[in-house]
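Counting with our numbering, you get residues 4 to 100 for the letters of the sequence shown.
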Amino acid sequence: MVIIKGDINMSKYKCVICKQEEFGHGNNPNPISDYGKCCDLCNLNIVLPSRIKKLNKVIRKKVKKQGGVKPTTTYKDIYIYIGIISAMFFIALYIIK
Ligand SMILES: [Zn+2]
4 MVIIKGDINM
14 SKYKCVICKQ
24 EEFGHGNNPN
34 PISDYGKCCD
44 LCNLNIVLPS
54 RIKKLNKVIR
64 KKVKKQGGVK
74 PTTTYKDIYI
84 YIGIISAMFF
94 IALYIIK
């Protein structure tokens, strides 16, 4: 099968962030802008980092509401993991023999 790079779906758009004319699908500029499309560069450098920041804020708010972060892994869990891993190791040694 031959894949031909054509101009199917390659429409022109203007990036709402850097105002450059670009070709292609474009990216969703939310939360920087509620409308239009943004180019790949702006998506990588501006939109994605701002989404991560927004997500971090939401998580921090939730953590504050719950009254702090509680550790989900206890020492008991760690000992169980070590036990399972060493058991698997010895089983593997036994099989190799
Ligand atoms: Zn752009």
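Think of the CB as a built atom: it goes at the ideal place given N, C-alpha and C, for glycine as much as any other residue. Since this is a predicted model, take the numbers as computed values, not measurements.
Is it the case that the Cβ atoms of residue i and residue j are separated by a distance below 7 Å?
i     : j     : result
Asn48 : Asn30 : no
Tyr16 : Glu25 : yes
Pop quiz: residue i and residue j are said to be a contact at Cβ under 8 Å. What is the actual Cβ separation, rounded to whole angstroms?
i     : j     : result
Pro32 : Cys41 : 4 Å
Ile55 : Ser36 : Going by Cβ atoms, the distance from Ile55 to Ser36 rounds to 17 Å, so no, they are not a contact pair.
Short of 7 Å in beta carbon distance, which residues of its chain neighbour residue i, apart from the five on each side in sequence? Order them along the chain.
i     : result
Lys60 : none
Gly27 : Met13
Tell me which same chain residues have a C-beta within less than 6 Å of the C-beta of residue i, skipping the five on either side of it?
i     : result
Gly70 : none
Ser14 : none
Leaving out five residues before and five after residue i in sequence, what residues of the same chain have Cβ atoms less than 8 Å from its Cβ?
i     : result
Ser53 : Pro34 and Ile35
Thr75 : none
Ile99 : none
Which runs of the beta strand (DSSP E) spanning at least 3 residues fall entirely within the segment 28-77, listed in chain order? If we require 3 residues or more, the segment 28-77 turns out to have no beta strand (DSSP E) run fully inside it.
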